[in-house]
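Okay, structure first, notes after.
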Amino acid sequence: MAKRDFYDVLGVEKNASPDELKSAYRKLAVKHHPDKNPGDKVAEDKFKEASEAYGILSDKEKKQNYDNFGHAAFEGGGGRQGGGFSGFGGADFSDIFEDFFGDFGGGGRSNSRRNSSNRGSDLRYDLSISLEEAFEGKKQDIKFSTTEKCNTCKGNGSRPGSSPDRCSTCGGNGKVRSNQGFFTVQQTCPQCAGSGEEITDPCTNCNGLGSKQTSKKLSVTIPKGVDDGTRIRLAGKGEAGTKGGTSGDLYLFINVHSHDLFKRSDENLFFEFPISIADAALGTTIEIPTIDGGRAKIKIPDGTQSGKQFRLKGKGMPYIRGSGNGDLYVQVNTEVPISLNKAQKELLEKFREIENEKSNPSIKKFFQKAKSFWKN
637 MAKRDFYDVL
647 GVEKNASPDE
657 LKSAYRKLAV
667 KHHPDKNPGD
677 KVAEDKFKEA
687 SEAYGILSDK
697 EKKQNYDNFG
707 HAAFEGGGGR
717 QGGGFSGFGG
727 ADFSDIFEDF
737 FGDFGGGGRS
747 NSRRNSSNRG
757 SDLRYDLSIS
767 LEEAFEGKKQ
777 DIKFSTTEKC
787 NTCKGNGSRP
797 GSSPDRCSTC
807 GGNGKVRSNQ
817 GFFTVQQTCP
827 QCAGSGEEIT
837 DPCTNCNGLG
847 SKQTSKKLSV
857 TIPKGVDDGT
867 RIRLAGKGEA
877 GTKGGTSGDL
887 YLFINVHSHD
897 LFKRSDENLF
907 FEFPISIADA
917 ALGTTIEIPT
927 IDGGRAKIKI
937 PDGTQSGKQF
947 RLKGKGMPYI
957 RGSGNGDLYV
967 QVNTEVPISL
977 NKAQKELLEK
987 FREIENEKSN
997 PSIKKFFQKA
1007 KSFWKN
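See the structure below:
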């Protein structure tokens, strides 16, 4: 099968700069790398093809030969050379992958040893409260399972009086090398998880883990104004770290129960209050409950339409940041009676006989619009 033009392989022009060549190769190498496409022969072939193209075009002398004679300049094995990422005419491939795959073998690069300590895992605790509790804030004791630092070995995992040995797999480097086709890659040591150490004389209290499972009780403070879905971070209250590592965090996720009367939107509360036709037409004063356990009076003027909202300033939920409260919006809904006695019907019949357009301006406007429509 004929080889593709190296410039076409990388998707660049013949006058592409070294940086453009490197950038084009980097994108292809990351996309088709065998570690990202295990068992994919097509991806592996594309990776090798791109590597060969970059190995030639990134070398000034070989690029000139290729520009003059094409693939014929390298027939007989001149194009490919053995080795790791420096196998193509001295082109250094290690830096191309360093920040994506980590350190690669060859090239005399130093191996950075990973810190042996590990931070503890974060924990989640779901706490359900009422809307009233969210309004007032509260303190509550919670119980949860976690890990704590072993008191016997002080968290290092070794029996008191002993210390960890150098890892027998990686020799204390924290990383191991493996061959991936024609290149070598360094990976975190699976034996010591990158610490460079292994425990040969484990602590009998924690079996070498450095921590123990336990049940913990904690008093937490729920601030005023928390909303459903609020997340509260308790630093250092998660699982214990290993080998001297810091503890993780505990995250409280607040679930605020829905309320029978109040609906919430941010710091504002909404409340629906049913009134009769007579109260809506003649006006009245209503008394409503408030979230703080008190009561408030609202004067309903005569002629109030169903759906009208009245605002009670500062009667909503507290602002979780800052001071003050949101507002309470009371919506009055006019209820049409569904069962009338004889006297009520007679009164409404009389009312219908004497009502006029002035009393019902919306009805008048509707029929004016309807008449115009019907004429058409």
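The sequence shown begins at 637 in this note's numbering and counts up by one. Glycine included, each C-beta is placed from N, C-alpha and C at the ideal position. Remember, it's a predicted structure, so these values are computed and weren't measured experimentally.
Limits of the unbroken beta strand (DSSP E) element including residue i
{"i": "Asn701", "result": "That residue, Asn701, is in no beta strand (DSSP E); its alpha helix (DSSP H) goes 696-705."}
{"i": "Lys785", "result": "774-785"}
{"i": "Phe946", "result": "945-948"}
{"i": "Glu649", "result": "Note, Glu649: premise wrong, no beta strand (DSSP E); not H, not E."}
{"i": "Gln967", "result": "964-971"}
{"i": "Lys852", "result": "847-858"}
{"i": "Leu870", "result": "867-870"}
Coil, strand or helix - residue i by DSSP
{"i": "Ala932", "result": "strand"}
{"i": "Glu989", "result": "helix"}
{"i": "Glu768", "result": "helix"}
{"i": "Gln717", "result": "No answer about Gln717 holds up, because its pLDDT of 40 lies below 50 and its placement is not dependable."}
{"i": "Lys981", "result": "helix"}
{"i": "Lys639", "result": "coil"}
{"i": "Gly960", "result": "coil"}
N- and C-terminal bounds of the alpha helix (DSSP H) containing residue i
{"i": "Phe683", "result": "677-693"}
{"i": "Val645", "result": "642-646"}
{"i": "Ser659", "result": "654-668"}
Among the options, nearest to residue i - alpha-carbon criterion
{"i": "Glu784", "options": "Gln776, Leu845, Val862", "result": "Leu845"}
{"i": "Leu759", "options": "Arg662, Ser653, Ala871, Ala829", "result": "Ala871"}
{"i": "Asn787", "options": "Ser781, Arg867, Lys779, Pro796", "result": "Pro796"}
{"i": "Asp763", "options": "Phe906, Ile858, Leu664", "result": "This sequence places Leu at residue 763; Asp is not what is there. Comparing Cα positions, the closest option is Ile858."}
{"i": "Met953", "options": "Ala770, Lys699, Glu688, Ala679", "result": "Ala770"}
{"i": "Asp777", "options": "Ser851, Cys842, Asn704", "result": "Ser851"}
{"i": "Arg869", "options": "Leu888, Val666, Glu875", "result": "Leu888"}
{"i": "Cys825", "options": "Asn651, Glu991, Lys811, Ser975", "result": "Lys811"}
{"i": "Gly950", "options": "Gln941, Asp928, Glu989, Phe909", "result": "Asp928"}
{"i": "Phe943", "options": "Ser694, Gln967, Tyr955", "result": "As written in the sequence, residue 943 is Gly, which differs from the Phe given in the question. Answer by Cα proximity: Gln967."}
{"i": "Asp671", "options": "Pro937, Ala979, Ser814", "result": "Ser814"}
{"i": "Asn961", "options": "Ile990, Lys860, Arg867, Arg931", "result": "Lys860"}
{"i": "Ser847", "options": "Ser804, Ser781, Arg867", "result": "Ser781"}
{"i": "Asp863", "options": "Asp885, Cys839, Ile890, Gln849", "result": "Ile890"}
{"i": "Ala914", "options": "Lys779, Pro937, Thr805, Glu656", "result": "Pro937"}
{"i": "Tyr643", "options": "Ala689, Lys658, Lys667", "result": "Ala689"}
{"i": "Asp685", "options": "Ala829, Val645, Glu834, Gly830", "result": "Per the sequence shown, the amino acid found at residue 685 is Glu instead of Asp. Comparing Cα positions, the closest option is Val645."}
{"i": "Pro654", "options": "Gly865, Lys699, Asp885, Arg947", "result": "Lys699"}
{"i": "Glu841", "options": "Leu854, Leu886, Gly791, Glu834", "result": "Position check: residue 841 holds Asn in this sequence, whereas Glu was assumed. Looking at the Cα atoms, Gly791 is the closest of the given residues."}
{"i": "Ser766", "options": "His893, Leu948, Asn904, Lys986", "result": "His893"}
{"i": "Ser855", "options": "Lys873, Gln823, Asn843, Pro973", "result": "Lys873"}
{"i": "Gly691", "options": "Ile934, Phe710, Glu989, Asn704", "result": "Phe710"}
{"i": "His668", "options": "Asp681, Glu656, Lys658, Leu657", "result": "Asp681"}
{"i": "Gly930", "options": "Gly807, Ala916, Gly830, Glu768", "result": "Glu768"}
{"i": "Thr920", "options": "Glu903, Thr940, Val821", "result": "Thr940"}
{"i": "Lys696", "options": "Pro973, Leu983, Ala652, Tyr761", "result": "Ala652"}
{"i": "Gly877", "options": "Glu985, Gln849, His895", "result": "Gln849"}
{"i": "Asp641", "options": "Glu656, Lys658, Asn673, Ala708", "result": "Ala708"}
Beta-carbon proximity check, residue i vs residue j, cutoff 8 Å
{"i": "Glu971", "j": "Ile911", "result": "yes"}
{"i": "Arg802", "j": "Gly881", "result": "no"}
{"i": "Pro925", "j": "Leu964", "result": "no"}
{"i": "Gly832", "j": "Asn809", "result": "yes"}
{"i": "Ser694", "j": "Ala665", "result": "no"}
{"i": "Gly647", "j": "Ala660", "result": "yes"}
{"i": "Glu875", "j": "Gly865", "result": "no"}
{"i": "Cys839", "j": "Cys789", "result": "yes"}
{"i": "Pro800", "j": "Glu834", "result": "yes"}
{"i": "Ala932", "j": "Leu948", "result": "yes"}
{"i": "Lys899", "j": "Phe909", "result": "no"}
{"i": "Lys639", "j": "Asp703", "result": "no"}
{"i": "Lys774", "j": "Lys853", "result": "no"}
{"i": "Glu989", "j": "Tyr955", "result": "no"}
Residue i beta carbon near the ligand SAM (any heavy atom closer than 7 Å)
{"i": "Val968", "result": "In terms of ligand content, the structure shown is empty, and the ligand SAM therefore cannot be addressed."}
* Asked: What are the uninterrupted segments assigned as beta strand (DSSP E) that are 3 or more residues long and contained completely in the region 881-926, given in chain order?
  -> The qualifying runs are 886-892, 898-901, 904-912, 920-925.
* Mind listing, in chain order, the continuous beta strand (DSSP E) runs of no fewer than 3 residues lying wholly within the region 799-841? => 811-816, 819-824, all fully within the region 799-841.
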